[in-house]
Structures are given as structure tokens and as C-alpha cells.
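*Asks:* Below you will find the structure I want to go over with you.
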Amino acid sequence: MRPRGDRVHTSAGVATGPVGFLRVYDTAFGEVAQGGCLLPETLVFTSDGLLRLDEIADSQKPGWQTHTLQVATDQGWRSSPRAFNNGIAPILRVHTREGLSIAGTPEHRVKVMTADGPLWRTLDELEAGDWIIVQLGQHAGQLQALRQPQRAHGNQVMPHFPSVLDNDLAFFMGYLVGDGFVATQEDDHRVGVSVSHASYLMHEMPLLLERLFGVTIHTQQKPDDRSVTLVIDNRAVKEFLRLNGLTKLRSREASVPLLIRQSPPEIVGEFLRGLFEADGSLSSGFPNLTTASPRLVEETATLLIGLGVPARIRSVSPGVAHFGKNTIYHVRVSSTAGLNAWREKIGCDPRSRFAVSMAWESDLRRESSYTLPHARYWLQPVLDAITLEQVDARGRGMGINFRSSAPKLRRALLRYLRNDREFTQSACSELARRYPEFAEHVVPLNDQWYVQVAGVEAQSDALTLDLEVNDNHTYLAQGMVTHNTRRGANMAVLRVDHPDILDFIHCKTSEGAISNFNISVGITDAFMTAVRNDEDFDLVNPRDGKVWKTVRARELFDEIVKYAHHNGEPGVLFLDAANRENPVPHLYELEATNPCHRGTNLVHTDLGRVPIKDLVGQNFNVVAPTGEFVRAIAYPTGNKPLFRVHFDNGTTIDLTENHNLVMAGGSKKQVRDLLPGDPIQTAPRAIGLVKPVGFANISVKQMVHPSGVNQDKRDFDLNATTVTRVEDLGIVEPVFNLTVDHPMHQFAVNGIISANCGEQWLGEYENCCLGSINLAQHLTSDGKLDWAKLRESIETSTRFLDDVVDANKYVPAVPELTQAAHRARRIGLGIMGLGDAMYALGIRYGSRAGEEFSAQVMEFVRYYAMQTSIELARTRGAFPAIKGSLYDPEHLQWTPPRPIEPYTHTWDRPALDWNAIVVGVKKYGVRNAAQTTIAPTGTIATVAGVESYGCEPVFALAYMRHVNDQGKDLQLDYISPAFERALIDARVDEATRQKIFERVRLTGTCQDVDLVPQKIRDTFVVASDITPEEHVRMQAAMQAFVDNSLSKTVNFPATATTDDVAHAYFTAWELGCKGITVYVAGSREQVVLETKETALKKSKSEPVPEYVVAQKKPREHALVGQTYKIETPLGGAYVTVNRNGNDEPFEVFCNVGKAGSDTAAVSEAIGRLVSLALRLPSPLTPTERLEEIVKQLSGIGGGRPMGFGLQRVRSLPDGIAQVLNEELGKPRVAENEPADTQQLQLFKVGDLCPACGHATFVNEEGCRKCYSCGHSEC
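For the sequence shown, our numbering begins at 1 and goes up steadily by one.
Structure follows, in C-alpha cells:
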């Protein structure tokens, strides 16, 4: 990659360099990632109408769920192939000043308007003042067919019901939801609406009901009431409404029926017209809806947005301005643009009180709603278009007092740019009407509205759902533009001789910068030698091979060490050490670049001169430097920048900058290093009579000879041609590679000799096929390693991983993935639980014995993985690219690995005969170009219950594990089970063990705890007890038998110096490690594991809160309340809720089971805690506190839920929550589903079983026993 400041001739600019690229890519990478989820009640605009997420995805079914759906986005409609149930997760709720809100996981993204235009931000990145984009006018739906009721008996007279949900029924439903009722009792068939005496509906509503149902209408008039109630008392009408989900619950639970939300915009408009007529009013000429239902106000506001009407939500709690018990909600049409949309999409009857809105004219000069945030974003293009330079006849005055082609418009714009006025949609429309220049150049609004963040609050964990959307991965939630978010990680490697290496080393100085990349420096032997000898070192421009700058090697090395010491990055990769172990050097060098050919380069083959890209998948032979035809394989290797090499014979060839061409003397030189006059070897074989095949666009100059045959001029030249110049084409195209079955690994292309191409470390498109064997599961009962079982696991795992290479469903759209995986068939079998095994065997990690044991384990793994790979090669064939590799049976270059130190122990390990492996490779080859890797195993090791990850030592014997997966930092305390077992085996008593644990919790280590027996201390070391040199030697001991790479961190104490880190680097290089990563304790703020001591150090700087002793409210002598009974899995529960003189909940009593039982104790404890929460001083009212308690208790699952649907009681806490919810005026809706009586009959209700926890522990026959698990006290 070009260095920063390097001239780019094709664009007349300069390169930003590797660090600039990383910053751009890091930002873009975050924006296109996916993940993150929202609450089930979130409303989404779909082709099937406005649906809740839990109406799209099954809340009871975890994981992915396929469907066929179109969803609205800010870029048009896109298909959604599936939904995802993410399960319970931490929740953030974002509140806006317009009253709209959205709740989801912290990493869920919304699109916000910034000074630079629209950008994505996660919910946890939002701050007060940010502007979220809302897309208007996206509601869609279809006419909804209606279900018809059946006759209840033969004599029933059936009304004539509409067959589809039309305008009349939609208007009636809107009015019914707003100011009507449907009787809840089964034998009560009344349906009614109340109409004001002053309303035109006094005349129209009876006519409407007659058209809809054709039944008798009854009127009910209360004394001194200014309204009349129109009632239908008809079984069939009520059943019709019930069948179609058109009934109404209590006012606080009112909602928009699903069929309305699924209807087309004109039907939704009629529903809203009826709803506003029932419960609406006028506010300064703007329609306003008032309701006690939070769900109805949210659904109404979202439907208004879907019709293109911006709407604000406001709530009024009980108090001075509102004397009722319940919060009242208002949704008001916002801005003149919103009022115009309301008139068009909803409107009213000319006789309606809302007719005033149809004629209302707002004062646009004073309107401040519908703000267009960041005025300069919208107006700067206009200002630029109308601005003229201020110059006189002598060219003076540039930059001072600019002139304008539209002076009045310019003055108007400057008012907004100076923030003298707020730029709004109405101002934008007015300027566009008055000035054509403005209308032409202003950034279009695209039917978007902007709501300002008021705050973000954390809420309790809840079920979360999400959608997958093709193409732009975007959908509208509550009208807001949202995006999935799942961050990934990348590895960036820069060679130590790159001119920008210092910028690269410094680019992650601040933790969190370039957060999607881990960075490493690719170090060469030449650099390390220069450091050791304190010599100068050249930084080379990779574009032209010229020395950019010369630095002192030791100073550059000190910078690498300094920043690695600071925060663990950059890591270090030793390129030459890795290349020495590269099993397929004919395919690629292990470096961070990919030398290859342009697809149109003509390869000289037995088929003719064929473009290299047309050879992929074909059988062919190429011309070798010796003039013979030899077999070759072609394959794509990615997209790369291209350079053109010009020769004095008129030919050219297009290559990547680091491709090797063969010089006349047989040496190689990269394109970037070529100079004018360099002699390049030409093909020795006259092949002019062979016709070109494939593309006619060839880059070899041709001429017509007297024979009349089109021949290649250079066929009759000498055996060398001279470079005249190298041209940067400034383009990026697909490039391709050849593997040649010839000892020289060279071939003829475009008339010259080219070396085999190289590609990336894991070549482009290659993937990881990894597996890890749990050593902790391969121990015998007497504390030894079970080598026979381990051998069996190695053989099985190797076969399994090879099967995965074939069975894996690679992305069909990227065939290169399949080709790359099958070409070398790389697998990586490794280990985890090495530290666990060492604890069991009494071996100290980091000791000489520890080095030897780990080496013997990995040698054993490598040996039997290779033996199995040879057997697979015998039965299935060797990997396709074996010719020219280290494992080429005809030219075997591979030699058996050797330990870094001779062995002195055996640990009863069987002897290994590496000569047999050599014989097997020569006879059959190997199935896999690489067989072993020790990969990170953090997650799978945790799931497997392993204490040590991969080949790492145990981090700590006691620690806090931070779980920060979705924005919430959870802390889990942990004590090593192996350590605890060792203490028990050493007969350390319980009291002493607890003292030991308390001290170990502080630092994570037992080395300074005198109470721990010395033998245990000698074995149970942790990462911080091991010296850096011991860490490195352990890595080197295992690396000797790992042909891919291994992941290991060299842990340093907080007192470590940069000299300690430098020493570790040199030790790793001298021992042949392929790379090294260091971590100095405390150098990073965010780590997954830490001891109590390090956590305490972090917390010292935090202010200590002041604690106030709160006094609970005194109880009056007599209180009024109600007692409820509800069946729970633990038996019948009696819950009493008493209220105080202000009619606020004051105390709760819960009684379940027999007195003295554990069940009764648990229920009493819940009641006491709820009562305490109600009686303590709080800014929340008791009712609000009880609502929060209900939220916390609701949905808690137990081992034996009962009932179905809304009658389902999951546990005792869930049952209590349902009763408290009913006390708050939210009764459960009865359903015609019987309770799960069969399940209830399976167990007797008793006390809690100490073994299984079920409430089936009863006294029978003089003995307490459990009917669930059989546990007995007798």
C-alpha cells in the first residue's frame, strides 16, 4: 500500500497511506455490520401493514425464523427473508423531545442526521441533542377480508355484514376504539358508542350503523349528560367483531386492531378520522387526540407517520393539571406540512368540529416545528452555487466579501447559517417557492422528519427480536430508520520496512481508536539483526522500491515495544520464521501482499495463448523455462491494484506491484523494484503459429510475416528483453494465480518468464477450519494423561475436520472460497485445557518440565494428525496443490519437527516414529497442507467448563468475569474447582479453605498465601506467576510442532518495563516463534477477566456515593384493601393489597402453602419486599413503583408452568405479578382455554425439594419425599 503523501498520478492527488485506509475502513466496517435487536412491541412498516415484531417473529421460538415479507426502508422497499429471536437481553430506551421512543439492545443502530449528513449510531452512542431520522409516508397494506359468524341456532336472524373492511367499517371502528364499548360478559351482547349532542354524528352515526349491520339501534340518555349512547344489542354483531379482532378492551388497554393496521392507507385514514372524531380536539388549529392508552397513542402516532403526518406525543401524569388516577396521553399533528398531510390523508366532514383545521393558516414566519437540523448541510450547496468570487480588474480581493448571483437569497441563507433563525421544512418550502436557484441546489428532504433525542435510559432485560433485510439491511421501527449491528474484527499487518510504519504503530494510541482492527507489525530477520547490531534500517516505498527514509533500527524497535507495553498493540509477526514453515511456498509467501496477474495476461499453453482468467477450472499445460509443456492449475486470488511493465520489444504485461519476474540470469525481481534497463528472460519456444484463444484484447504486440501467419514478434528475438518503464495503471481488478508442476515453478506469459504468484498468509478466500481437543477430558483416574484416548480423539478430529472442508456450504456467489479451501485443504487441530491437565499431573506451567510436557503433547497431536492425513491421502487423494509444496512426494522438502530442547521425561507417552511419516508422505502425500493450529478457545472453553483457554495458563484461581456482550457489564465471581479439589485432597479444612479463597480472590494467585500447602503452590501457578521468558519459552516449545500458528499472550505484571517487553521479543525471535502478543496488566481499561485487586484499583478514582438512611412510612391503624386468589405451580396463592388514604398501594401480603414450609417463607418474603418498596421514600409514586415491581416479577419462569396463553402462570412470582397487575386496573383477559390440568395432576403441591427445586416435597408415610425426582429424607 502506498505511503502517506505518495503521489497518485491518475488522480493528481496524494495517498492517505495505510493508517488513513484503516480509519476509513474501520468506520465503513462498523456501518455495514449487523446484529442488535428491538423489543417485541416495536412497530415495523411492512407490505402486510404496520406489524409488531412479535407479529412477525414467534416469541416462543429462539433463533432464525424464515418468512416472505417486504419492509419499508429509507431507500425504498426491500425484501426480508427471515426474523431472529435474540432472547433476553439488556435494553436501552431512547426518548425524544417529540415524544416518540424506541427500545432495544445497546448495539442496535439508528440513522441520525449530522453536520456531515446521515450516519449510523448505536443506541448506547446516542446523546441528548442528536437527531434521529424518521421516514414519512411508508404505510402499505391490502384490503382485508372479514370472517362471518355462524348462526347460533336455527331461528337466529343474521344481519348482513360487510365482506371486506371498507371505509364505513373503518370509520366506525375508529370511533368505537375512541369512545365506545363492547360488553365483556359472555351473555351480554351490547356494542355501543357515545355521540355528543353537538356533533353531526347525532344524525350520521345511526345511518352508518344501519348501513353496516341493518339492526335496531337503541339510545341511552343519562340525565344532564351532553351525549347520547347508541347501543346495538345483537349476539351476531358482537360475534362478528370478535371473530375479526375488532373488539375493544378497557380504555387503558385500547389499541388499533390488527386488521386496521394491515389495511391500505385510505382505510387507515378513515379509521383515524373516526378516532379523532371520538376522542380528538383542536389545539391552535391542529388536530389533537387524547387517550388513556399508551399503546393506542403509540400506534396512532406511528400510523400518522406512515401516512406522512409528523406527530408529537405528550403525557400528563395525575397531579395539579390532571385529577384522574391514570396518565393521559396526547398525540398532536405537528407542523404545517403535517397539517397538510392530515388534510389529504385523513380529513373530516365539513360539519365536523375539525373543519377549522381544513381552513387553518399557520404563521410560517414563526413556525419552529419540523426542524431541519444542521442548516449548513442543507444550504451550503445552494450558497456554493450562487456565490461569485469578489475580484477587481487586477484580480484582487479573492476571499473577501463574496458576490452572489442571487444577493437576496444569499442574505436569507446567511441568517440560517449564522443560527439567527432555525431552519425548518416550511422555511425550506418557502425559499424553494421564491427562488428557482434554491429549489435546484438544496439537498432534497426525501420525505424525512427529524426527532431530537432527549435522553437514553437503561431498562430491565427483556425479550428482543430483529429482522434480516436484504441489500441495505435497514428497516423502519416506529418510523425511525434502524439498522442491524454486529461488529466484527479484522487483522491489519504492515511490514516493518514500510514508510508509514511509525504512524501505524501509533494509530491505536487511544483505546477504542480503529476499534475493528487488531494491528501487528510484520518483522523480518534483517530488521531484528539491525536492531541487535544497532544499525540503520531502510524504509522502502512499496510502489517503486526506492528508499523513502533511513531510520535507526533500534529507535523503531523501541517504538514498537513502547506502544505494545502501553496497550498490547501492535503485535509482532516474524515473517521469515513463518515462511520457513510455510508448507506451500509455491502458492504464496507469508506476507501481507498478494503478487498476481491481470486476468487478460496471455499464458502460453498447449491450447494456445489463453487469458489466465479463462484457465480457471480448465485442464491445460504451460510452457516452462526449459521449453517443455508442464501441467498447471489456475485460480483467482482477489482484487488488487495493477501496474504495467513496458519492454523494449514493444510488449507489455500487467501485474501486481510485488509480482516476481525472472531476470536474464535466473534471479527474481519484483515489479516495484524494476528499473529501466533490467533484462527479463523471454520464452525460449517459438509459438507464433499457435493462435490466441479467448480474449482478442491482447497485450502482446503482433505483426504479419510473409508466411501470412500472425506471429509473435519476440519469438524471433534474443532470450531477453529490457524493461523501459513501469506504469501505475491506477486501477483495481481481479487477479489470478498459477501453480506450475515444474521444479522451477515458472511459466511463459505475454512472451516473458514469470515466477509462480504468491498471495496472502492464508491466501485470499482461504478460511479457518479449526478444532480443539479438550485435554482435561483425557485424564485417567490416577492423574495421568490418557495417551491412547488422546490418539483416538486426534484421529477422529482430523477426519472430521477434513470432512468439514468438503461438507461446508461455501457462499455460492463467491466460488473462490470453495476453490481456495479445496486447493490446500488446510485444517487446524489444536488443544485447550493445557493448564487443567498440568494441574492434574502436578506440572508447573512455565517450568522446564512444563515446556517439555506441552511440547510432547503437541508433538503427539502433530504426529497422529499427519498420520491420519497420510491415510486420508491414500484413500481420498492428496491436496490438489501438493506439487511444488514442501510435501511434494517427488521432491520432498519437509523434514520432521524437532523440540527446542532434548526431552528428559516421557510421562508414559508412546514412542513416535517420524521416519514412518516421511515414508508415508513420499508414498501417498498428505491430505491437508497444514494440520495443526492452537486457536483461541475462550467461548468454547467456557462452555466446556475448562479453566485454561487454548494453550494458555489459567488466568487466575479466582476472578471476576466481565460479560459485556450487549452493552451491560455483568460481573461473575469464580473460584477454580481444580484448586478447591486439590485443597480438599490435601485435607485442608473448610474454615481454612474459606480464608484461602478470600485472599486468593484479591490477587487471583495462591503464591503468597501461607495457608496453601507448598506442593499445591508449586503446581497451581497462574498467568501472573509466570515470568515473561517462561511464557515465551512455552510458546516456542509448542510452536515447534504447530505448522500453522498458535494464539498465546505473554502476560506481564503491571511493574514490567519496556526493556522486559523488548527482551521477550528477542527471545521469541531467537527461538523461532512466528509471532508474539504481549499484555501488561492494567494497560487496558476494558478486559474480559480481572482479579478483585485490579478491579479495586479502577474503582478508587470513582466518587463514593453518600448513603442516606431512609425511614419507611408509618402504617395507619386500619387500611382498606382486596384479597385475590390465583392458582400457581406452588398451589393456591392469596395476595392481599392494601391502599392508604390517598388510594395508593401501601402494602402487600402473600400466603402460599402451609405455615412453616419453605414455600410459605418464599411467598412471605416477596410480600415483605414489595411492601418495603412501597413504603420507602421515592420520587416515584407508589403506583409507579408497583408497576415497576410488576415488570420485574412478570415472566419469571419456573420448572413447572401451568395454563395456556394469557392464563399461563409461569411461577409463583409471575402469578403474584399478574394479581398486582390486576390491582393496577389491568386484569387478565379470560380465554376459552382450559388450564393445564393434566400437568397439574402429575405432581402433588408441597414444599420445595432440596434436590430438584420443585414444589413437590411432601410428608407421606412418616417421611418427606419428592414426587418429581424421588429424593427422600428417609
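Glycine residues also receive a C-beta, built at the ideal position from the N, C-alpha and C atoms.
Cα separation between N1138 and G1195?
*Replies:* In the sequence shown, the residue the question calls residue 1138 occupies position 1138. In the sequence shown, the residue the question calls residue 1195 occupies position 1195. Cα to Cα, N1138 sits roughly 24 Å from G1195.
*Asks:* Answer with buried or exposed for I505, where buried requires no fewer than 16 other C-beta atoms within 10 angstroms of its C-beta.
*Replies:* The count along the sequence shown starts at 1 and reaches residue 505 at position 505. I505 is buried by the Cβ-count criterion.
*Asks:* Quick one: what's Y475 bridged to in DSSP?
*Replies:* The residue given as residue 475 occupies position 475 in the sequence shown. Y475 is bridged to T482.
*Asks:* Is the distance from the Cβ of A1347 to the Cβ of Q459 below 8 Å?
*Replies:* Beyond the ends of the chain as shown, which are 1 and 1274, falls residue 1347; an answer cannot be given.
*Asks:* Quick check: the stretch 1000-1019 against the stretch 909-924, are there 3 or more CB pairs under 8 Å?
*Replies:* Not touching, per the Cβ criterion.
*Asks:* Taking all protein chains shown into account, decide if Y337 is buried (16 or more other Cβ within 10 angstroms of its Cβ) or exposed.
*Replies:* Looking up residue 337 in the sequence shown gives position 337. As written in the sequence, residue 337 is Ala, which differs from the Tyr given in the question. Buried, since its Cβ has 16 or more Cβ neighbours within 10 Å.
*Asks:* DSSP three-state label for F161, please.
*Replies:* Sequence index remark: in the sequence shown, residue 161 carries index 161 (1-based). Looking at F161 - three-state DSSP - the assignment turns out to be coil, as it is neither helix nor strand.
*Asks:* Under three-state DSSP, which class holds D179?
*Replies:* Looking up residue 179 in the sequence shown gives position 179. Correct three-state label for D179: helix.
*Asks:* Would you report the Cα separation of W64 and P81, rounded to the nearest angstrom?
*Replies:* Sequence index remark: in the sequence shown, residue 64 carries index 64 (1-based). Sequence index remark: in the sequence shown, residue 81 carries index 81 (1-based). Near 10 Å, if we compare the C-alpha coordinates of P81 and W64.
*Asks:* What is the DSSP secondary structure of W894, counted as helix, strand or coil?
*Replies:* Reading the sequence shown from its first residue, position 894 is the one you call residue 894. Reduced to three states, the DSSP call for W894 is coil.
*Asks:* Can you give the Cα-Cα distance for T550 and L573, rounded to whole angstroms?
*Replies:* Taking the sequence shown and counting its residues from 1, the one referred to as residue 550 is at position 550. Taking the sequence shown and counting its residues from 1, the one referred to as residue 573 is at position 573. Rounded to the nearest angstrom, the two C-alpha atoms are 22 Å apart.
*Asks:* Kindly indicate the opening and closing residues of the beta strand (DSSP E) around I753.
*Replies:* What you label residue 753 is simply residue 753 of the sequence shown in a count that begins at 1. Element bounds for I753: I752 to A755.
*Asks:* Please report the Cβ distance between G828 and S797, rounded to the nearest whole angstrom; I am assuming they are in contact, meaning their Cβ atoms lie under 8 Å.
*Replies:* Reading the sequence shown from its first residue, position 828 is the one you call residue 828. Reading the sequence shown from its first residue, position 797 is the one you call residue 797. Between S797 and G828 the Cβ distance is about 11 Å, and since that is not below 8 Å, they are no contact.
*Asks:* Is K789 helix, strand or coil when you go by DSSP?
*Replies:* Here the question's residue 789 lines up with position 789 in the sequence shown. K789: helix per DSSP, three-state reduction.
*Asks:* Give the DSSP bridge partners of H218, in chain order.
*Replies:* Position 218 of the sequence shown holds residue 218. H218 is bridged to V231.
*Asks:* Among the candidates V228, Y863 and F240, whose CA atom is the shortest distance from the CA of F213?
*Replies:* Counting from 1 along the sequence shown, the entry for residue 213 is found at position 213. With distances taken between Cα atoms, F213 lies closest to F240.
*Asks:* State the beta-bridge partners of Q142 as determined by DSSP.
*Replies:* For the purposes of this step, residue 142 is identified with residue 142 of the sequence shown, where counting begins at 1. DSSP, once it has assigned bridges, lists no residue as partnering Q142.
*Asks:* Suppose you measure from the CA of E816 to the CA of P62; what does that come to, to the nearest Å?
*Replies:* Taking the first residue of the sequence shown as position 1, residue 816 is located at position 816. Taking the first residue of the sequence shown as position 1, residue 62 is located at position 62. Each residue's alpha carbon lies about 33 Å from the other.
*Asks:* Should Q1122 be labelled buried (16 or more other beta-carbon atoms within 10 Å of its own) or exposed?
*Replies:* Counting from 1 along the sequence shown, the entry for residue 1122 is found at position 1122. Flag for Q1122 reads exposed.
*Asks:* Specify, as a first and last residue, the run of the beta strand (DSSP E) that P81 falls within.
*Replies:* Taking the sequence shown and counting its residues from 1, one reaches residue 81 at position 81. That run of the beta strand (DSSP E) goes G76 to T96.
*Asks:* Mind checking P18: buried by the 16 CB within 10 Å criterion, or exposed?
*Replies:* Within the sequence shown, the letter at position 18 stands for residue 18. That one is buried.
*Asks:* Could you give the first and the last residue of the continuous alpha helix (DSSP H) run that contains Y863?
*Replies:* Mapped onto the sequence shown, residue 863 falls at position 863. Here the alpha helix (DSSP H) through Y863 covers R848 to R876.
*Asks:* Go to R121, then tell me how far its beta strand (DSSP E) extends in each direction, as first and last residue.
*Replies:* Walking along the sequence shown from the start, residue 121 turns up at place 121. Counting along the chain, the beta strand (DSSP E) containing R121 begins and ends at G117 to T122.
*Asks:* Here's the rule I'm using: 16 or more other beta-carbon atoms within 10 Å means buried, otherwise exposed. How should S293 be labelled?
*Replies:* As a first step, residue 293 is located in the sequence shown; it is residue number 293 there, counting from the start. Buried.
*Asks:* Decide if the stretch 202-212 is in contact with the stretch 300-309; the criterion is three or more beta carbon pairs, one per stretch, under 8 Å apart.
*Replies:* With the cut-off at 8 Å, the stretch 202-212 and the stretch 300-309 do not touch.
*Asks:* Count the other CB atoms, across all protein chains shown, that sit within 10 Å of the CB of A254; report buried if there are 16 or more and exposed otherwise.
*Replies:* Numbered from its first residue, the sequence shown carries residue 254 at position 254. The residue is buried, with at least 16 neighbouring Cβ atoms inside 10 Å.
*Asks:* Around the Cβ of E107, are there at least 16 other Cβ atoms within 10 angstroms (buried) or fewer (exposed)?
*Replies:* Counted from its first residue, the sequence shown places residue 107 at position 107. By the 10 Å Cβ count, E107 comes out buried.
*Asks:* Can at least three beta-carbon pairs, one atom from the stretch 925-934 and one from the stretch 822-837, be found at a separation below 8 Å?
*Replies:* Segments in contact, yes.
*Asks:* Using the three-state DSSP reduction, which class does W1069 fall into: helix, strand or coil?
*Replies:* As a position in the sequence shown, residue 1069 is number 1069, starting the count at 1. The answer is helix: DSSP assigns W1069 an H, G or I state.
*Asks:* With distances taken Cα to Cα, identify the nearest neighbour of E871 among S854, T1027 and R799.
*Replies:* The sequence position of residue 871 within the sequence shown is 871, counting from 1. For E871, the nearest C-alpha among the options comes from R799.
*Asks:* Three-state secondary structure (DSSP) at D384?
*Replies:* Here residue 384 refers to the residue found at position 384 of the sequence shown. The answer is helix: DSSP assigns D384 an H, G or I state.
*Asks:* For the alpha helix (DSSP H) containing H67, list its first residue and its last residue.
*Replies:* By 1-based counting over the sequence shown, the position of residue 67 is 67. Counting along the chain, H67 falls outside any alpha helix (DSSP H), though it belongs to the beta strand (DSSP E) covering G63 to T73.
*Asks:* Taking the alpha-carbon positions, what's the Y1347 to G49 distance?
*Replies:* Because the chain is modelled from 1 through 1274, residue 1347 falls outside the range shown and cannot be assessed.
*Asks:* Report the three-state DSSP secondary structure of G758 (helix, strand or coil).
*Replies:* Mapped onto the sequence shown, residue 758 falls at position 758. Residue confidence is low: G758 scores 33 on pLDDT, short of 50, so the model does not pin down where it sits. Its coordinate-derived value is still stated next. DSSP places G758 in coil when its eight states are reduced to three.
*Asks:* Under 8 Å between the Cβ atoms of T656 and R644?
*Replies:* As a working note, residue 656 is residue 656 in the sequence shown. As a working note, residue 644 is residue 644 in the sequence shown. Their beta carbons are not under 8 Å apart, which means T656 does not touch R644 by this criterion.
*Asks:* With DSSP collapsed to three states, give me the class of S699.
*Replies:* The residue labelled residue 699 in the question sits at position 699 within the sequence shown. Because S699 sits at a pLDDT of 30, beneath the cut-off of 50, its placement in the model cannot be relied upon, and the point is left open.
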